[in-house]
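In what follows, a structure is listed as structure tokens, so that the remarks can point back to it.
Residue numbers (our numbering): 18 to 65.
Written out as structure tokens, the structure is:
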């Protein structure tokens, strides 16, 4: 299921979202080499 993104070194651009920013693994190696801030395409890049 979904799990905190921070567990994998990933973070949202919006502060205070550590507990709610989630990821879902689609492949065994999905997070290999991935870390840092996640940026979205502009249509999805609005503050919640």
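Every residue gets a Cβ at the ideal spot worked out from N, C-alpha and C, and that includes glycine. Since this is a predicted model, take the numbers as computed values, not measurements.
Could you give the C-beta distance for residue i and residue j, rounded to a whole number, given that I count them as a contact under 8 angstroms?
{"i": "residue 54", "j": "residue 24", "result": "The pair is not a contact, with the Cβ atoms about 15 angstroms apart (cut-off 8 angstroms)."}
{"i": "residue 52", "j": "residue 33", "result": "Between residue 33 and residue 52 the Cβ distance is about 20 angstroms, and since that is not below 8 angstroms, they are no contact."}
Skipping 5 residues on each side, what residues in its chain have a beta carbon closer than 6 angstroms to that of residue i?
{"i": "residue 41", "result": "19"}
{"i": "residue 48", "result": "25"}
Pick out whichever of the options has its Cα sitting closest to the Cα of residue i.
{"i": "residue 56", "options": "30, 21, 49, 46", "result": "30"}
{"i": "residue 37", "options": "60, 63, 21, 58", "result": "21"}
For residue i, which residues in the same chain have their Cβ closer than 8 angstroms to its Cβ, ignoring the five residues on either side in sequence?
{"i": "residue 63", "result": "none"}
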